[in-house]
Amino acid sequence: MVRIYDMKQKEVINSKDCKRLGFIVDIEVDLKDGKLKKLIVPGPAKVFGMFGRDKEYQISWDQIKQIGEDIILVDIDEEKALIKSDY
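Residue numbers (full-length UniProt numbering): 1 to 87.
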């Protein structure tokens with residue numbers, strides 16, 4: 001069993017290219033079914049790592065390959081998973 005707090009402490013890494021995506025900042029849950037639908041990880045910073053972020057990685061539950069002690073391995077196509085943030 002894993003708590004959301006514990007998951008937020010793990011770094012998310014794309015297994016396709018071993019790129020570090022960052023840490024979970026939010027989740028999306030289907031309240032009707034009570035199931036976790038997506039993990040939300042901030043996208044890359046705009047300019048030289050500054051000036052905020054306007055996109056986020058939305059990683060669906062089926063794209064999570066393994067949850068380990070320190071990391072969460074995902075298998076995503078970054079271009080498709082990188083979505084304009086609503087916030």
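All C-beta atoms, glycine included, are put in the ideal place defined by N, C-alpha and C.
- Within the same chain, Cβ atoms closer than 8 Å to the Cβ of Val-2 are found at Ile-67, the five residues on either side in sequence being excluded.
- By the Cβ neighbour-count rule, Ile-83 is exposed, with fewer than 16 other Cβ atoms within 10 Å of its own.
- C-alpha of Glu-28 to C-alpha of Lys-35: approximately 9 Å in a straight line.
- Cβ contact annotation for Val-41 (same chain, cutoff 8 Å, sequence separation greater than five): Val-12, Leu-21, Gly-22, Phe-23, Ile-24, Val-25, Glu-56, Tyr-57 and Ile-59, in chain order.
- Residues of the same chain with a CB within less than 7 Å of the CB of Gln-9, apart from the 5 flanking positions on each side, do not exist.
- DSSP, reduced to helix, strand and coil, places Lys-8 within a helical segment of the structure shown.
- Comparing alpha carbon positions, the residue from Met-7, Lys-65 and Gly-43 closest to Ala-81 is Gly-43.
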